[in-house]
Each structure stands twice: as C-alpha cells, then as structure tokens.
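S.K.: Here the working numbering is used: the first residue of the sequence shown is 190, the next is one more, and so on. One structure, as structure tokens, below. Some questions next.
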Amino acid sequence: MSPVRLDLTARLCVSLGLFDDPQVSVVTSRPAPDELLETVHEAEYIAAVRRASEDPVCAEERYGLGTDDDPAFRGMHEAGARIVGASTDLALAVWRGRCLHGVNFCGGMHHAMPGYASGFCVYNDAAVAIRALLDEGARRVAYVDTDVHHGDGPQAVFWDDPRVLTVSVHESGRTLFPGTGYPDEVGGRGAEGTAVNVALPAGVADAGWLRAVHAVVPPLLRSFEPDVLITQHGCDTHSLDPLGHLVVSVDAQRQVARTLHELAHEVAGGRWVALGGGGYAIVDVVPRAWAHLVAEVAHRPLEPATPVPAEWRRHVETLTGRSAPARMTDGEPAHWDGWESGFDPADAVDRAILATRNAVFPFLGLDPLFD
Ligand SMILES: [Zn+2]
Ligand SMILES: [Zn+2]
190 MSPVRLDLTA RLCVSLGLFD DPQVSVVTSR PAPDELLETV HEAEYIAAVR
240 RASEDPVCAE ERYGLGTDDD PAFRGMHEAG ARIVGASTDL ALAVWRGRCL
290 HGVNFCGGMH HAMPGYASGF CVYNDAAVAI RALLDEGARR VAYVDTDVHH
340 GDGPQAVFWD DPRVLTVSVH ESGRTLFPGT GYPDEVGGRG AEGTAVNVAL
390 PAGVADAGWL RAVHAVVPPL LRSFEPDVLI TQHGCDTHSL DPLGHLVVSV
440 DAQRQVARTL HELAHEVAGG RWVALGGGGY AIVDVVPRAW AHLVAEVAHR
490 PLEPATPVPA EWRRHVETLT GRSAPARMTD GEPAHWDGWE SGFDPADAVD
540 RAILATRNAV FPFLGLDPLF D
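Right, dumping it as structure tokens:
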C-alpha cells in the first residue's frame, strides 16, 4: 500500500499527457471534517484514529489499528480523511453537474468498516461519498467493485438500504481475505437483491473474469437504473499481484473500465465516479492500470500498444533499480464469450456466475438463466 504506487501513477498520467487536455481538471482536496466521516464511521472510532495518528504508540487493536494490516503512522487520520474528502467532493461535483465523470485513484478503501480499520483501509471513502449523494437527493446509487477482494465495507454499510446496489466481483473468500462475499449475501430485509457477490475460484484468467463481469453487472445496472455509478478499480486481480490468485491482464482491466464507462452513459446519465483500490504490483501493474482508467474517464482511451514514455521508465529505473514495462499492454486480447452464447454448468466460472444470478436476479425481475 506504499504511496509510491500513487506517485508513479500520477507521474505516468503526466508523462502520457493525460492531464494536458483542457477538459481535464486536476484538483486537490481538504481532509473530510469529522461530521462528514461520522455519516458512516462511529465517533469513538474516529477519535481512536486521531489518537493513533498523533502518537502511533496509542494505536488500539480493538479498532483494527496498530495491526499488521493497518499499522499506525503519524498523520494517518489526515491521510485517510483526505481520501474521503476527495471522493466525496468528486461525487458531489458529478451530482451537481460540474463535471460528468471523475476519478480518484487514491480512493476505493473498501474494507474500512464503521467502527474499525481493516485490510489496509482506515476510512471508507466510497461509502461516505455514496451517503453524501443520498443526502443530496440521489434516489439510487450503484457501486461496482472489481478489486480481487470482496468489497465488504460498502456492502455492510448499505446492507439494509434498497437505494444502494453494491456489486462485487472477486476471488472467493474461501481462498482470500476477507473471507466474505458469497452469492447468498443478498442484502437485508427490504433490500434483498441489492447486495450482489460473484465469488470466483482462484486461477481465473481474462476470459473467465470478463465473462463474469459482463454476465452480471450490465443486466443489474440496467434494471436498477442508478442516478450515479461509483466504481472501484482495485487492480490486484492482475497475474503479477502478490496478494490475489486471479490471472488477469491490464488489457482486461482496461476493458472493464471501458464497459463501466459505457454503462454509466447508458444507465446513469453519464454520472460516473471511478475509484482506485488494491494493487500491490506497484511498478508493473498499478500505474498502467490506473493510467488507462484515467484515460478512459478523460474520453481519451489509450491504445493498448501505446509505448510507456521513456522519461517515466527512467524515473522508475532510477527509483527502484528495476526495469519498467515498455508498453501499456500485456499483449492479451481481452476477449470473452458473453452469457448469451450459452453456459456450461460443469464449468467452475459458469457455476459461480449462475450461483449469483440465481441468488439475486429474481429480486430484480431478471431471468437467472438467460439474458
Ligand atoms: Zn484488494
Ligand atoms: Zn463518458
């Protein structure tokens, strides 16, 4: 979770000229004030983060702080709160029509819970941003999470709220943190069908991952008709990622950003907020994956074969002593067979997709078997 990954991503975007477009604004953000954090987080948890932030020795494990996953560090409150401020400002700018799309690749802290830190996440920027949209009058908000880990925080926060659809496509909790996100987690009473989980077996590659995303996300979004689409683009699905066990390429990640962008225009009047998330291959994957995301958000999608700029590669090599990737592609075609072409109940990916469609599609009036 080293901040270097964000710096390398921003530098790559600069080198590619993505921030030069007159239609693109790069904006900074204030740390979210406590009253905004408190729309999702418990006051005593925020106080505990502040104490650990001032003196890391004071970190309390009962709040998930000072643990291996969430070590305490000086300034952690301000760092986490600033990410929340950014995602919330962005969501409100989109809602108020000041911009149509926005991206905060520092965000997507999807494991943070109302009362404790978890999985490298302190404050849940996605959940606070969604809450702010609802408070401003949005009737329905959809959150789609394609990180390799289950998007457990937003699901928990909006479990009982039928106005928020949370969809997470991830590696199964049987083999990966946080151990949740099964198809039978469908939402609380009165909100059944608004929590959606696709739990993929370890080892799934591009064709299976893309098939799963496309067999579940588009029909759900078309049926739900959100006012705003929030997406989380954790790129730890990649084959080189040291934590997850999926075998996805930056080409497939680029395709998913593209699909979600198209869906935002189709179902949400174009109102789209894209967030980062996990991603621990900080040289080979994260900067390329999120530069593609920024390019997509900016309506300047990059051809996969685009060379990685030499000045960025030199910087990486000086900084890390490692060679940087030469192109914005992994050379994969990012092809998949759509669900409409039929399914095979003996196939592990199709079984995972079917379990999800069977669990939630009937609640939304959709046919679990056929599109
Ligand atoms: Zn992750
Ligand atoms: Zn667009």
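By construction, the Cβ of each residue, glycine as well, lies at the ideal position given by its N, Cα and C atoms. Because the structure is a prediction, the values reported are computed rather than measured.
For ligand 2, is there a heavy atom less than 7 Å away from the beta-carbon of C468?
M.R.: Position check: residue 468 holds Gly in this sequence, whereas Cys was assumed. Checking the Cβ of G468 against ligand 2 gives no.
S.K.: So, are the CB atoms of L258 and D336 less than 8 Å apart?
M.R.: For the sequence presented, residue 258 should be read as Asp rather than Leu. For D258 and D336, no; Cβs fall outside 8 Å.
S.K.: Could you check where the beta strand (DSSP E) with T277 kicks off and where it finishes?
M.R.: Careful: T277 lies outside any beta strand (DSSP E), inside the alpha helix (DSSP H) at 265-284.
S.K.: Q444 to E243, Cα distance in whole Å?
M.R.: Using only the alpha carbons, I get a separation of about 42 Å.
S.K.: By DSSP's criteria, H290 is part of a beta bridge. Which residues make up the other side?
M.R.: DSSP lists W461 as partners of H290.
S.K.: Determine, using beta carbons only, whether G465 and G423 come nearer to each other than 8 Å.
M.R.: Yes. Within cutoff.
S.K.: Out of N547, A391, G379, which has the shortest C-alpha to C-alpha gap to T364?
M.R.: The option with the nearest alpha carbon to T364 is A391.
S.K.: If you compare alpha carbons, which of G264, L543, S191, A487 is closest to A404?
M.R.: The residue with the shortest Cα to Cα distance from A404 is L543.
S.K.: My guess is that F262 and G308 are in contact by the Cβ rule of under 8 Å, so how many angstroms apart are they, rounded?
M.R.: 16 Å between Cβ atoms; not a contact.
S.K.: Could you give the distance in angstroms between the alpha-carbon of R502 and the alpha-carbon of F550?
M.R.: Distance between the alpha carbons of R502 and F550: 46 Å.
S.K.: Taking one C-beta from the stretch 275-290 and one from the stretch 453-472 each time, how about it: are there three or more such pairs within less than 8 Å?
M.R.: Yes: the two stretches touch, three or more of their Cβ pairs being nearer than 8 Å.
S.K.: Could you pull the start and end residues of the alpha helix (DSSP H) that N547 belongs to?
M.R.: 537-549 is the extent of the alpha helix (DSSP H) around N547.
S.K.: Would you list, in sequence order, the uninterrupted alpha helix (DSSP H) runs of no fewer than 4 residues that lie entirely inside the stretch 222-249?
M.R.: Whole alpha helix (DSSP H) segments, 4+ residues: 223-226, 232-243.
S.K.: Report the three-state DSSP secondary structure of A306 (helix, strand or coil).
M.R.: It is coil, neither helix nor strand.
S.K.: State whether the stretch 193-212 contacts the stretch 471-490, with contact taken as three or more CB pairs (one from each stretch) at a distance under 8 Å.
M.R.: Output reads yes: the stretch 471-490 touches the stretch 193-212.
S.K.: Nearest-angstrom Cα distance between A470 and P493?
M.R.: Each residue's Cα considered, the two are about 19 Å apart.
S.K.: Is DSSP giving S530 helix, strand or coil here?
M.R.: Of the three classes helix, strand and coil, the one that applies to S530 here is helix, per DSSP.
S.K.: Taking 7 Å as the cut-off, does the CB of A337 come closer than this to any heavy atom belonging to ligand 1?
M.R.: Rather than Ala, the amino acid found at residue 337 in this sequence is Val. Indeed, a heavy atom of ligand 1 lies less than 7 Å from the Cβ.
S.K.: Locate the beta strand (DSSP E) running through A388, then write down its first and last residues.
M.R.: Its beta strand (DSSP E) spans residues 384-389.
S.K.: Would you mind reading off the limits of the beta strand (DSSP E) that contains H359?
M.R.: Residues 353-360.
S.K.: Give the secondary structure of D210 by DSSP, where H, G and I count as helix, E and B as strand, and everything else as coil.
M.R.: Looking at D210 - three-state DSSP - the assignment turns out to be coil, as it is neither helix nor strand.
S.K.: Can you tell me which of the three DSSP states H427 falls into?
M.R.: It is a strand residue.
S.K.: Taking only runs that begin and end inside the stretch 365-414, name each unbroken alpha helix (DSSP H) of 4 or more residues, in chain order.
M.R.: Runs of the alpha helix (DSSP H) inside the stretch 365-414: 395-413.
S.K.: Let me make sure I understand the geometry here. Which of A236, S512, V353, P245 has the alpha-carbon closest to that of G382?
M.R.: Considering only alpha carbons, the answer is V353.
S.K.: If you pair each beta-carbon of the stretch 310-321 with each one of the stretch 219-233, do three or more pairs fall below 8 Å?
M.R.: In short, these stretches touch, since the Cβ pair count reaches three.
S.K.: For a minimum of 3 consecutive residues, which ranges assigned as the beta strand (DSSP E) are wholly contained in the stretch 499-527?
M.R.: The stretch 499-527 contains no whole beta strand (DSSP E) run of 3 or more residues.
S.K.: State the Cα-Cα distance for the pair V437 and W525, rounded to the nearest angstrom.
M.R.: Their Cα atoms are separated by approximately 12 Å.
S.K.: Using a Cβ-based criterion (distance less than 7 Å to any ligand heavy atom), does D425 qualify as near ligand 1?
M.R.: Yes - ligand 1 has a heavy atom lying nearer than 7 Å to the Cβ of D425.
S.K.: State the start and end residues of the unbroken alpha helix (DSSP H) segment that holds A331.
M.R.: Unbroken run through A331 is the beta strand (DSSP E), 330-334; no alpha helix (DSSP H).
S.K.: I need the DSSP call for V486, collapsed to helix, strand or coil.
M.R.: Helix at V486.
S.K.: For L558, which of helix, strand or coil comes out of DSSP?
M.R.: Coil.
S.K.: For ligand 2, I want to know if L289 counts as a neighbour, meaning its beta carbon is within less than 7 Å of at least one of the ligand's heavy atoms.
M.R.: Yes, ligand 2 has a heavy atom inside 7 Å of this Cβ.
S.K.: In terms of alpha-carbon separation, which member of G376, E360, G326, D341 lies closest to D349?
M.R.: Taking only the C-alpha atoms, the option nearest D349 is G376.
S.K.: Rounded to whole angstroms, what's the CA-CA distance from R511 to V505? Just pull it up for me.
M.R.: Approximately 7 Å, taken between the alpha carbons.
S.K.: Quick check on the burial criterion: 16 or more other C-beta atoms within 10 angstroms. Buried or exposed for S357?
M.R.: So S357 ends up on the buried side.
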